[in-house]
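Undergrad: Pasting in a structure now, in structure tokens, and then I'll have a few things to ask.
Shown next, in the form of structure tokens:
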């Protein structure tokens with residue numbers, strides 16, 4: 656009798672290859688992105704005011720242009736951002752979204 660010769664690949668080998676391809680796709684996907692645009696000036700001013708408020712323990716007010724108009728935004732000593740009702744501000748990034 657001749658020994659039987661295996662032809663093809665096993666399920667384990669196929670699964671290992673699929674896992675490796677998935678990991679490779681994940682690494683490439685995370686590292687392949689466009690450079691983010693620099694934040695607008697008002698975002699930097701709001702973020703700076705928040706940082707100063709947290710560092711000094713006082714409320715810091717800053718005037719910024721949002722949607723073509725000048726608004727006053729306050730950063731509280733607890734890190735909160737106080738803005739007019741029609742201006743939404745993300746307290747962590749300082750990004751504004753005006754209506």
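Residue numbers (our numbering): 656 to 754.
From the three backbone atoms N, C-alpha and C, an ideal C-beta is built for every residue, glycine too.
According to the neighbour-count rule (16 or more other Cβ atoms, all chains shown, within 10 Å of its Cβ), is residue 737 buried or exposed?
TA: Reading the chain shown from its first residue, position 82 is the one you call residue 737. By the neighbour-count rule (16 or more Cβ atoms within 10 Å), residue 737 is not buried but exposed.
Undergrad: Residue 730 and residue 710: beta carbons closer than 8 angstroms?
TA: For the purposes of this step, residue 730 is taken as residue 75 along the chain shown, with counting starting at 1. For the purposes of this step, residue 710 is taken as residue 55 along the chain shown, with counting starting at 1. No, the Cβ-Cβ distance between residue 730 and residue 710 is not below 8 angstroms.
Undergrad: On the criterion of 16 or more Cβ atoms from any shown chain inside 10 Å, does residue 754 qualify as buried, or is it exposed?
TA: Indexing the chain shown from 1 puts residue 754 at position 99. Residue placement at residue 754 is flagged as unreliable, the pLDDT there being 41, under the threshold of 50; the coordinate-derived value follows with that caveat. Residue 754 comes out exposed.
Undergrad: Is it right to say residue 721 is buried, meaning 16 or more other beta carbons lie within 10 angstroms of its own, or is it exposed?
TA: Indexing the chain shown from 1 puts residue 721 at position 66. When all chains shown are included, residue 721 counts as buried.
Undergrad: Our contact map puts residue 727 next to residue 718 with C-beta atoms below 8 angstroms; I'd like the distance itself, whole angstroms only.
TA: Numbered from 1 along the chain shown, position 72 holds the residue referred to as residue 727. Numbered from 1 along the chain shown, position 63 holds the residue referred to as residue 718. The pair is a contact, with the Cβ atoms about 5 angstroms apart (cut-off 8 angstroms).
Undergrad: In angstroms with no decimal places, state the Cα-to-Cα distance between residue 706 and residue 744.
TA: By one-based count along the chain shown, residue 706 stands at place 51. By one-based count along the chain shown, residue 744 stands at place 89. So the alpha carbons of these two residues sit roughly 15 angstroms apart.
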